[in-house]
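For reference, the structure is listed below as structure tokens.
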Amino acid sequence: MLHGMSTSVEPVSDRSAAEVNEEIRALWLRSGGTLSGEQREEYRRLVLEWAAAAPQSQQAA
59 MLHGMSTSVE PVSDRSAAEV NEEIRALWLR SGGTLSGEQR EEYRRLVLEW AAAAPQSQQA
119 A
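Heads up: the sequence shown begins at 59 in our numbering, then just goes up one per residue.
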């Protein structure tokens, strides 16, 4: 039995990792360093978006 797994599909962002990172930084500045529950959810969404937009490092074979 799986718990806590989301089945919703979120659209892929057209924004670069740098753009998403700027939004993450702005969120932390607005919050004064302590995120509310709603802000934590926004942060989680942004981090996932950032990870999807960030270039993957190349591994040597």
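Yeah, the Cβ is synthetic: ideal placement off N, Cα and C, and Gly gets one too. Note that this is a predicted model, so its numbers are computed, not measured.
**OP:** Determine the burial state of Glu-107: buried for a count of at least 16 other Cβ atoms within 10 Å of its Cβ, exposed for fewer.
**Re:** buried
Original post:
Below 9 Å between beta carbons: does that hold for Ala-112 and Ala-84?
Top reply: no
Subject >> Start and end residues, alpha helix (DSSP H) containing Gly-95 >> reply: 95 to 111
**OP:** Quick one: residues in its chain with C-beta nearer than 6 Å to the C-beta of Gln-97, no 5 flanking neighbours on either side, listed in chain order?
**Re:** Apart from sequence neighbours up to five positions away, the residues of its chain that approach Gln-97 with a beta-carbon distance below 6 Å are Ser-89, ordered along the chain.
Original post:
The alpha helix (DSSP H) with Arg-88 in it runs from where to where?
Top reply: 75 to 89
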